[in-house]
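Here's the structure, in structure tokens; my notes come after.
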Amino acid sequence: MKDKFIERPRGFCALGGALHTLVALPGVVPIMHTSMGCGGSIYWNQIGSTGFLGAGYCGGMAVPSSNVQEKDIIFGGTDRLTEQVKNTVKIVDGQLYFVITGCMTDIIGDDIQAVIKDFQDQGISIIGTETGGFKGDGYKGYDLVLQALVKEYVTKKQRKSKGKVNLWGIVPAQDAFWRGNINIIRELLTSLGLQVNAFFTEHDSLSELENAGDAELNIVVSEFYGIEAAKTFAEVHDVPYLATAFPIGPTATNEFLQKVAQKLSLDSAQVNAVIEQGEALYYRYVERIADSYNDLNLQRYAVVVGDGNYAPALTRFLADDLGWLPALTVVTQNFFDEQQEMINQYLTRLSSGYQTQVVFETDASEVQYHLNRIWPRYQGQNYYDPFSPAFVVGSHHERELAQNIGAAHLTVTYPVGNRVVLNRGYAGYTGSLSLIEDLFSVLVASR
Amino acid sequence: MLSYIEQKVAPKREERIGACIEFGGFGDDLKKKFGQGCFRNNDRGFCQGSICQLLPGMSMVTSIPDTVVIIHGSIGCGGAGNSQGANVRGRQIAAGQSNPRGVLWLSTNLNEKDVIIGGEDKLEDAILTADKRYRPAAIIVVSTCVPGIIGDDLDGVVDRVQPRVSASVLPVHCEGFKTKIMATAYDAVYHAIARKLLVGKKTESDVVIDEVEDYREKARLKRTVNLFNVSSMTPQDEKELTRLLNALGLEVRIFPCFAHPEDMIYSTQAALSISTCPTHDDYFVKHLQEKYGVPYILKHMPIGINNTNLWLRDIAAFFHLEDAAERIIERETRELELALAPIKQNLKGKKAMLSAGEVRTLATALWLREFGLELVAVRPYHYDEFGETALTKIVEGGDVTVNVATVHPFESVNIIERTQPDIYLGHNSDNVWAAKSGVATLPIYGGANAYVGYTGAFDIVRRINMVLKNKAFNTNLSKHVRQPYNNKWYNTEPFTYIRQEE
Chain A
1 MKDKFIERPR GFCALGGALH TLVALPGVVP IMHTSMGCGG SIYWNQIGST
51 GFLGAGYCGG MAVPSSNVQE KDIIFGGTDR LTEQVKNTVK IVDGQLYFVI
101 TGCMTDIIGD DIQAVIKDFQ DQGISIIGTE TGGFKGDGYK GYDLVLQALV
151 KEYVTKKQRK SKGKVNLWGI VPAQDAFWRG NINIIRELLT SLGLQVNAFF
201 TEHDSLSELE NAGDAELNIV VSEFYGIEAA KTFAEVHDVP YLATAFPIGP
251 TATNEFLQKV AQKLSLDSAQ VNAVIEQGEA LYYRYVERIA DSYNDLNLQR
301 YAVVVGDGNY APALTRFLAD DLGWLPALTV VTQNFFDEQQ EMINQYLTRL
351 SSGYQTQVVF ETDASEVQYH LNRIWPRYQG QNYYDPFSPA FVVGSHHERE
401 LAQNIGAAHL TVTYPVGNRV VLNRGYAGYT GSLSLIEDLF SVLVASR
Chain B
1 MLSYIEQKVA PKREERIGAC IEFGGFGDDL KKKFGQGCFR NNDRGFCQGS
51 ICQLLPGMSM VTSIPDTVVI IHGSIGCGGA GNSQGANVRG RQIAAGQSNP
101 RGVLWLSTNL NEKDVIIGGE DKLEDAILTA DKRYRPAAII VVSTCVPGII
151 GDDLDGVVDR VQPRVSASVL PVHCEGFKTK IMATAYDAVY HAIARKLLVG
201 KKTESDVVID EVEDYREKAR LKRTVNLFNV SSMTPQDEKE LTRLLNALGL
251 EVRIFPCFAH PEDMIYSTQA ALSISTCPTH DDYFVKHLQE KYGVPYILKH
301 MPIGINNTNL WLRDIAAFFH LEDAAERIIE RETRELELAL APIKQNLKGK
351 KAMLSAGEVR TLATALWLRE FGLELVAVRP YHYDEFGETA LTKIVEGGDV
401 TVNVATVHPF ESVNIIERTQ PDIYLGHNSD NVWAAKSGVA TLPIYGGANA
451 YVGYTGAFDI VRRINMVLKN KAFNTNLSKH VRQPYNNKWY NTEPFTYIRQ
501 EE
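Protein chains in written order, with the working numbering: chain A, 1 to 447; chain B, 1 to 502.
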């Protein structure tokens, strides 16, 4: 992990990730204890990076915010926060108010918990946690908010309910397809006969979060995001967790379902039936694109650029299900060595046997350098085996790279500024069908 | 002005010109109280996430070509680059770039350790690497809240590194917590340009002087004017104003947005500086006058027919081209009136509400009233002396509710409930809250549209007419989604949470 500048960071700060997590939860009203520009900064980011995810119920420029000024920074901002909370509760409807903080109020050390305690004593449903931007990225903010909810909002329950699971690991806004993805995973788990708390979808409510403490298992569909919250859950509520790679495509989805089944000791016949059904559905559609895959030769070399969830998941789908050649996988996050090793391990055991090169690189303009490094360069020879035909699956920043190398391009990972995303998801069996549609549609767009 | 430019940091607008962001009442009252200097200590007891000076600052600096922007702060502070990218990319395509990169910016990614030990080394590394990796003409280093409070010496780092890099390095101070007035950003960016890009470099001169060419050049400069865009003018806006000034026989150079860093120095050689929005440009045009003797015009924003006429006449008077201006005005307005007639019928008496930057809001409101719409409320994002010309006209034509607020949609939707406007013209990120109340909206700037000059006057009302032909999207939306406020709020006076000095 390098501690240096980052070119065009691929995400929000901890505060931004926290805010998006809260706005995505039904019934929650965030209250920011920050400088006046933090709200606008997060919003001006999201409208260019999250598939046009709008403000929602009480996000964007409507989010209650203490907007601390220079005088508050000098004399302390808790009076301003107290007034802000008092008036927010008076005019904004919410089932739970949640205070998050920015760099300035964290640095000056405002005691937000003392303020929150006063309101709790008055019977107001309110909690909070420190989320200053310098604490980390948007994924960290997601984890910090979930940890606070797990500790202070989820009711402790002695008896666990068999077959009830909580779903975490897909980060709102950081993943532009979060709504679709959560829904797909939720349905998959439901088909295993489980009762699923997914928290963020239209099927969920805040009371499910409050009552999540009797779950049998926390399922984190990520090896990196929401892990701290799952650990906190285990400590506070004695519920174990399963962290497993974000699955795109039948190969990864089969493995995911088997892992869940194993962890919960589910009836193997039922799990196999679900897997068979999922694969049958997938191939029923894929059969009909097989003509063109073969007649038009739709196999491609690929460069995959994405976060800790997407980079391995896309690579695996392209290699193991689609038969593509993802020669370079760029993980855009500043991961610790052991986290890097997890991704390396995951991608060395692809069922297709294809071997990708994994690099960890935060800066978009450096991806070309890595490609030049791994692929023999043209040196004037008459017969040169180029990196072609190729496809770049990454963010909208990778358009430039794709054009430079004459490759097709699809935006999937943050920032997603050139696509509109509503209920589309790429996870599981059905999501990977959407992904095939989108990839191949690029290839035939000029016809 | 000279004394300001000599300082490292531009003064905040509250102090320089007494600007404010909290007021609710009638325009006349705002004028009077502002004149008495009443607003210094106004504030709100309930606030919503807003816009600090970093955001318009980002919009300006990221537009400058051949430049790398370094946001010195935590990882979230430059995020606006993601939405600004679309704007910049469009300009890059228009400028003929076949593979446009969009906005190139770096974050110094200040973390918990940096907050304790300081971020100067990281910034230095970022500047050195940016110079090597991207070879830009300029590196603009923008400071944010965190370095402002941990005490990083931005100017010190820049001075230290400048001799080791080929790019001009500009420090821009945009610490969000230091001012409530986002318009301070314009001063902050102009300040850096004035200190770093107008001085030190001489424009090239020939060894052997061609006397005819030399005479031509001097004659040309006597007819060359500076025009300013701080990123809110669209390419169509620039084209329209250039067209009008060309018609007067003037050559136009546009600064600072989308102008190359090495071309900024030409702003010192013009015959006249022409502001399109007084609250944007005063800091810079006054500096150009004081230091380089370039006079300026800073009064009207050319939105709507009357204001465009006044804007053009002021410029023409400076060059003694009054007759030419009248001929242009006569020709333009004759054709325009014909085109406007059918639209006028449709829009007569429609109720309008506007919410955006100070002068644009007031000037657009004046145009809509001039065109026959009824104003129900105007919401300038801040108010200072540069709004006075337009506000006076609004008051004289029949006073309306004025709400000075940097977004704050809770006040907006309360006013909407009371006044039921037919059309809402709002700033980017502001319109959706009117939409959720079922009101038709038109963005008040941006996109591929014209807003200024005669073309803009036509385009604004043409598009309002278009929007009002089918309001189904927002009408349906309002039936199925709700605002976050309880019903009690709508029965409360909209300015309840503004504390105003009497």
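We put the CB at the ideal spot given by N, CA and C, even for glycine.
Keep in mind it's a predicted model, so treat the numbers as computed, not measured.
In terms of beta-carbon proximity, F12 of chain A lines the interface with chain B, with at least one pair separated by less than 8 Å.
Residue state for M182 of chain B is assigned as coil, using DSSP reduced to three classes.
Using a C-beta cut-off of 8 Å, the region 350 to 370 of chain B makes no contact with the region 471 to 486 of chain B, since fewer than three inter-stretch Cβ pairs fall below that distance.
For A62 of chain A, the CB contacts under 8 Å within the same chain, skipping 5 residues up- and downstream, are A55 in chain order. Ranking B:E358, B:V452, B:I21 and B:N431 by CA distance to the CA of L442 of chain B puts B:N431 first. The C-beta of F318 of chain B comes no closer than 8 Å to any C-beta of chain A.
Ranked by how close their Cα comes to the Cα of R482 of chain B, the residues B:E337, B:S437 and B:L244 have B:S437 in first place.
In the displayed model, S232 of chain B falls within coil according to three-state DSSP, outside both helix and strand. For the 8 Å CB-CB criterion, F371 of chain B and K344 of chain B form a contact. Within 7 Å of the CB of M104 of chain A, the CB atoms of chain B belong to C145, I149 and F177, in sequence order along the chain. Within the same chain, and ignoring the five residues on either side of I305 of chain B in sequence, the residues whose Cβ sits closer than 8 Å to its Cβ are T333, L336, W367, E370, Y454 and A457. Assignment of beta strand (DSSP E) within the region 311 to 367 of chain B, counting only whole runs of 3 or more residues, yields 351 to 356 in chain order.
Residue pairing by DSSP places W375 of chain A in no beta bridge whatsoever. For V89 of chain A, same chain residues with a beta-carbon under 7 Å away, outside a window of 5 residues either side, are Y97 and I124 in chain order. A contact between stretches requires three or more CB pairs, one per stretch, nearer than 8 Å, and the region 169 to 184 of chain B meets this requirement with the region 10 to 18 of chain B. When Cβ-Cβ separations below 8 Å define contact, N404 of chain A makes contact with chain B. Per DSSP, the unbroken beta strand (DSSP E) holding T401 of chain B starts and ends at T401 to V404.
By the C-beta criterion, the region 292 to 310 of chain A is judged to be in contact with the region 412 to 426 of chain A, since at least 3 inter-stretch pairs fall below 8 Å. For S292 of chain A, the CB contacts under 7 Å within the same chain, skipping 5 residues up- and downstream, are L298 in chain order. Sequence-distant Cβ neighbours of A230 of chain A in its own chain, meaning closer than 6 Å and more than five residues away, are N218, V220 and Y241.
The beta carbon of D214 of chain A is closer than 7 Å to those of K157, R159, K160, S161 and K164 in its chain, skipping five residues each way along the sequence. L167 of chain A is bridged by DSSP to A:I219. The DSSP assignment places 388 to 396 as complete runs of the alpha helix (DSSP H) inside the region 369 to 404 of chain B, in order along the chain (cut-off: 4 residues). The beta carbon of N486 of chain B sits closer than 8 Å to some beta carbon of chain A. For H72 of chain B, the enclosing beta strand (DSSP E) starts and ends at T67 to H72. Residues of chain B with a Cβ closer than 7 Å to the Cβ of R179 of chain A do not exist, since the nearest Cβ in that chain sits about 16 Å away.
In this structure, the alpha-carbon of A302 of chain A lies about 44 Å from that of A434 of chain B. Judged by DSSP secondary structure, P443 of chain B falls outside any alpha helix (DSSP H) and instead within the beta strand (DSSP E) spanning A440 to P443. In the displayed model, W105 of chain B falls within a strand according to three-state DSSP. Contact of V407 of chain B with chain A by beta-carbon distance below 7 Å involves M61. Boundaries of the beta strand (DSSP E) harbouring R253 of chain B: E251 to P256, taken from the DSSP string. Residue pairing of S65 of chain A in beta bridges, as defined by DSSP: A:M32. In this model, R216 of chain B and F39 of chain B are separated by some 51 Å (Cα to Cα).
Looking at A:S41, A:I6 and A:Y383, the one whose alpha-carbon comes closest to that of T129 of chain B is A:I6. The region 260 to 268 of chain B makes no contact with the region 233 to 249 of chain B, as fewer than three CB pairs between them are under 8 Å. Note on H480 of chain B: under 16 other CB atoms within 10 angstroms of its CB, so exposed under the neighbour-count rule.
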